[in-house]
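Asks: Take a look at the following structure, please.
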Amino acid sequence: MKNYSVFDILGPIMIGPSSSHTAGAARIGKIARELADDSFYRVTFYLHGSFAKTYKGHGTDKALVAGILGMNPSDERIRDSLQIAKDKGIEIEFIEEDLGYVHPNTVKILFHYKNLEDYYVIGSSIGGGNVIITNINGTDIEFSGDYPTILIKYNDRKGVISRISSILSNHDINIATMKVTRENKIATMITELDSAIEDGIIDEIASLEEIIYITGINPIER
Amino acid sequence: MFNTGSELIKLCNEKNKKISEIVIEKELLNSGIKYDELMNRMKEILKTMENSSKYSLDKEVVSVSRLTGGNAIKVEEYKNTHKTICGDIINSAMAMALSTSEVNASMGKIVAAPTAGASGIVPAALFTVKNRLNLSDEDIISGLFTAAGIGEIVARNATVSGAEGGCQAECGVASAMAAAAVVELAGGSVESSLDAASFCIINVMGLVCDPVAGLVEYPCALRNASGVANALISADLALAGVKSLVPFDEVVEAMYKVGKLLPESLRETALGGIADTETGREAKKRI
Ligand code: SF4
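Just so you know, the protein sequences line up as chains A and B, in that order. Read left to right, the first sequence gives residues 1 to 222 (this note's numbering). Read left to right, the second sequence gives residues 223 to 509 (this note's numbering).
This is the structure we're talking about:
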């Protein structure tokens, strides 16, 4: 049996009407923004399953847009986010789409750029404001955004993992979880950490010659 | 420290303490946070509840879907201008419960208690007794701990989710939490608190979860209004000395079993009950 805290019963303090449609959606949006370059001018949201069916009534659209604008799930401006995006000149588009065998509350967020390639993130809102990010630009991954997280793509050679780990331990950062997957000699590593990602760490890891891509995000508030 | 209602009663009696005091002790022990921090977090909860209970009393607040809203102000004005049937206390409590429900449905800030759908009941009940008995914020904060303690027992032994147990598990449990707190604040015994909580759940045993169009609006807001009335009348019954033949733990178990017997169509899927009426289906098409 789970041990409950009083704040599991009276809480969270949240923006209505539903934590999976509002808080969860805002968190997926915000994680996607942290991962993507923020010079996007247009964002397309592909909504799947129950997100597609009820997004207007639940305000999922507003929560997602609030997230990609960088708002937290408790921000009372969420209800005005569509207007705020408009004022900032960001074009927003919603498309209902079947994304395959995924959780019913799933969205694919596609960022469009003038000078960069399109970038997308797929994530699911799995209840109570919890989310999982399942794909970035075609690479299957899985992380929750609850921990400071570093994502790395690298040419799979011997010793890379241990060099990355030693950079982290030199900075006195403990690794909570580490997952590595491989495809065509390119490895994708997701590392969740116990303490915040400080400036410099990402650059230091990026300087390893095998690294193709690296990004890090700190946890997204509930 | 306690997993059940009977363990809670025993602890309170052994230590000669109120439910709220035991719940605070348990929380300090389990969470490891300091007393002041615990109280500050609960104050934050109280502040949000206060805002949401009052917000829609003087303005028309309409939901994101535009399906519902504007009822809190209607009830508040009716209470202020008419000789009502149930009197100021019940009408004002219902207006506050509706207010929080409307804030929730319009993407405003609320405290899930125990869920967003049932979030209007606990604050409306507590602010009602605050006014009625001239209580302080500190009293209301202790009431929140009592309410949370009751909710924890249900969450541990059954469920507080409409998708799992129907609306009896959301609005029914919210009323039970509120009623137990009201009894304690009015000076009733621990046993009476749990009796009041039992009455609330018994009164809505089997209540289904059937939100129109899958939105937390209708019948949810109505059930917040009736839920706070349920809490207040159950508290009065218990304070008058009416006892529950069946103890709280068994009532919770019965509720859980009934919830499991409910078909999926009556557990938040919006495929049955009020959602699956001609008008309910029409409304779904409109949004
Ligand atoms: S009807 Fe369902 S969604 Fe509405 S308050 Fe009750 S349990 Fe929650």
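In this text, a Cβ means the ideal position worked out from N, Cα and C, and glycines have one as well.
Which one or two residues does DSSP pair with A:V107 in a beta bridge?
Replies: Here residue 107 of chain A corresponds to residue number 107 of the first sequence, with the count starting at 1. A:V107 is bridged to A:L47 and A:G123.
Asks: Please tell me whether A:N3 has its Cβ less than 9 Å away from any Cβ of chain B.
Replies: Translated into positions along the first sequence, residue 3 of chain A becomes position 3. A:N3 counts as touching chain B.
Asks: Which residues does DSSP pair with A:D140 in a beta bridge?
Replies: Working through the first sequence from its first residue, we reach residue 140 of chain A at position 140. Looking at the DSSP assignment, A:D140 forms a beta bridge with A:N135.
Asks: Determine the burial state of B:A462: buried for a count of at least 16 other Cβ atoms within 10 Å of its Cβ, exposed for fewer.
Replies: Stepping through the second sequence from its first residue, residue 462 of chain B is reached at position 240. B:A462 should be labelled exposed.
Asks: Distance cutoff 9 Å, beta carbons only. Does B:I267 sit that close to anything in chain A?
Replies: For the purposes of this step, residue 267 of chain B is taken as the residue at position 45 of the second sequence. Contacts with chain A at 9 Å (Cβ-Cβ) include B:I267.
Asks: Using beta carbons (cut-off 9 Å, strictly below), is B:R378 in contact with chain A?
Replies: Walking along the second sequence from the start, residue 378 of chain B turns up at place 156. Yes, because at least one Cβ of chain A sits closer than 9 Å to the Cβ of B:R378.
Asks: Could you work out which residues of chain B lie near A:K228, taking near to mean beta carbons separated by less than 9 Å?
Replies: Limits of chain A in this structure are 1 at one end and 222 at the other, which puts residue 228 of chain A out of reach.
Asks: What are the start and end residues of the alpha helix (DSSP H) that includes B:A408?
Replies: What you label residue 408 of chain B is simply residue 186 of the second sequence in a count that begins at 1. Here B:A408 belongs to no alpha helix (DSSP H), and DSSP marks it neither H nor E.
Asks: Is B:T501 near the ligand SF4 - that is, is its Cβ less than 8 Å away from at least one heavy atom of it?
Replies: Here residue 501 of chain B corresponds to residue number 279 of the second sequence, with the count starting at 1. The answer is no for B:T501.
Asks: Nearest chain B C-beta to A:M71 closer than 9 Å, yes or no?
Replies: By 1-based counting over the first sequence, the position of residue 71 of chain A is 71. Not closer than 9 Å to any Cβ of chain B, the Cβ of A:M71 fails to qualify, so no.
Asks: Using the Cα positions of A:I126 and B:A492, report the straight-line distance between them to the nearest angstrom.
Replies: For the purposes of this step, residue 126 of chain A is taken as the residue at position 126 of the first sequence. For the purposes of this step, residue 492 of chain B is taken as the residue at position 270 of the second sequence. Straight-line Cα distance between these residues: approximately 19 Å.
Asks: Quick one: is A:L168 buried, meaning 16 or more other Cβ sit within 10 Å of its Cβ, or exposed?
Replies: Working through the first sequence from its first residue, we reach residue 168 of chain A at position 168. Classification for A:L168: buried.
Asks: Look up A:A187 in the DSSP assignment and give the residues it is bridged to.
Replies: To locate residue 187 of chain A, count along the first sequence from 1; it is residue 187. Per DSSP, A:Y154 and A:R182.
Asks: B:R263 versus chain A: which residues are under 8 Å apart at the beta carbon?
Replies: Along the second sequence, one-based indexing puts residue 263 of chain B at 41. Result: F7.
Asks: Using a C-beta to C-beta distance shorter than 7 Å, which residues of chain A count as neighbours of B:T270?
Replies: The count along the second sequence starts at 1 and reaches residue 270 of chain B at position 48. Under the 7 Å cutoff, chain A gives I13.
Asks: Less than 9 Å between CB atoms is the rule here; does B:S420 satisfy it with respect to chain D?
Replies: Of the chains in the structure shown, none is chain D; the protein chains are A and B.
Asks: How would you label A:K185, buried or exposed, when you count the other beta carbons within 10 angstroms and need 16 or more for buried?
Replies: As a working mapping, residue 185 of chain A is identified with position 185 in the first sequence. Classification of A:K185: exposed, given that the 10 Å Cβ count is below 16.
Asks: Rounding to the nearest angstrom, what Cα-Cα distance links A:R222 and B:I362 in this structure?
Replies: Position 222 of the first sequence holds residue 222 of chain A. Position 140 of the second sequence holds residue 362 of chain B. Going from the Cα of A:R222 to the Cα of B:I362 covers about 26 Å.
Asks: Taking CB distances under 9 Å as the criterion, tell me whether A:R27 reaches chain B.
Replies: Counting from 1 along the first sequence, the entry for residue 27 of chain A is found at position 27. The beta-carbon of A:R27 is placed no less than 9 Å from the nearest beta-carbon of chain B.
Asks: So which residues on chain B does A:L124 lean against when the C-beta distance must stay under 8 Å?
Replies: Stepping through the first sequence from its first residue, residue 124 of chain A is reached at position 124. Strictly speaking, residue 124 of chain A in this sequence is Ser, with Leu absent from that position. Neighbours of A:S124 on chain B: none; closest Cβ ~16 Å, over 8 Å.
Asks: Going along chain A, which residues have a C-beta under 7 Å from B:P336?
Replies: Locating residue 336 of chain B in the second sequence gives position 114, counting from the first residue. Those within 7 Å of B:P336 in chain A are I9.
Asks: Evaluate B:N353 with the Cβ neighbour count: other Cβ atoms within 10 Å of its Cβ, from every protein chain shown; 16 or more gives buried, anything less gives exposed.
Replies: Along the second sequence, one-based indexing puts residue 353 of chain B at 131. B:N353 should be labelled exposed.
Asks: Among the candidates B:V473, B:N252, B:V283 and B:T499, whose CA atom is the shortest distance from the CA of B:S420?
Replies: Along the second sequence, one-based indexing puts residue 420 of chain B at 198. Taking only the C-alpha atoms, the option nearest B:S420 is B:V473.
Asks: For A:T191 versus A:T177, is the C-beta spacing smaller than 9 Å?
Replies: The residue you call residue 191 of chain A lines up with position 191 of the first sequence. The residue you call residue 177 of chain A lines up with position 177 of the first sequence. In this structure, A:T191 places its C-beta atom within 9 Å of the C-beta atom of A:T177.
Asks: Under a Cβ-count criterion, where at least 16 other Cβ atoms within 10 Å of its own Cβ denotes burial, should B:H304 be classed as buried or exposed?
Replies: Numbered from its first residue, the second sequence carries residue 304 of chain B at position 82. B:H304 is exposed by the Cβ-count criterion.
Asks: With three or more C-beta pairs closer than 8 Å as the rule, is the region 391-401 of chain B touching the region 365-378 of chain B?
Replies: Yes, the region 365-378 of chain B touches the region 391-401 of chain B.
Asks: Does B:K331 come out as helix, strand or coil in the three-state DSSP assignment?
Replies: By 1-based counting over the second sequence, the position of residue 331 of chain B is 109. Note: B:K331 maps to strand in three-state DSSP.
Asks: Between B:R503, B:E500, B:L233 and B:C442, which lies nearest to B:G291 when the distance is taken from Cα to Cα?
Replies: Translated into the one-based positions of the second sequence, residue 291 of chain B becomes position 69. It is B:C442 whose Cα lies nearest to the Cα of B:G291.
Asks: Using the beta-carbon of each residue, which ones in chain A are nearer than 8 Å to B:M223?
Replies: To locate residue 223 of chain B, count along the second sequence from 1; it is residue 1. By Cβ distance, chain A contributes nothing, its closest Cβ being about 10 Å from B:M223, past 8 Å.
Asks: CB-CB under 8 Å to B:A451, same chain, minus the five flanking residues each way: which ones, in chain order?
Replies: In the second sequence, counting from the first residue as 1, residue 451 of chain B sits at position 229. Excluding positions up to five away in sequence, the list reads C308, I312, A315 and M316.
Asks: Mind checking B:T368: buried by the 16 CB within 10 Å criterion, or exposed?
Replies: Counting from 1 along the second sequence, the entry for residue 368 of chain B is found at position 146. Label assigned to B:T368: buried.
Asks: Determine the DSSP secondary structure at B:R288, reduced to helix, strand or coil.
Replies: Locating residue 288 of chain B in the second sequence gives position 66, where the first residue counts as 1. It is coil, neither helix nor strand.
Asks: If we ignore side chains and look at the alpha-carbon of each, how far apart do A:V43 and B:A403 end up?
Replies: Start at 1 with the first residue of the first sequence, and residue 43 of chain A comes out as number 43. Start at 1 with the first residue of the second sequence, and residue 403 of chain B comes out as number 181. Near 48 Å, if we compare the C-alpha coordinates of B:A403 and A:V43.
Asks: Buried or exposed for B:R503, please, with buried defined as at least 16 other CB atoms from any protein chain shown within 10 angstroms of its CB.
Replies: Your numbering for residue 503 of chain B matches position 281 in the second sequence. The residue is exposed, with fewer than 16 neighbouring Cβ atoms inside 10 Å.
Asks: Would you be able to state if there are at least three C-beta pairs under 8 Å between the region 7-25 of chain A and the region 325-345 of chain B?
Replies: yes
Asks: Give the residues of chain A in contact with B:L366, contact being defined as C-beta atoms less than 9 Å apart.
Replies: Here the question's residue 366 of chain B lines up with position 144 in the second sequence. Simply V6 and L10.
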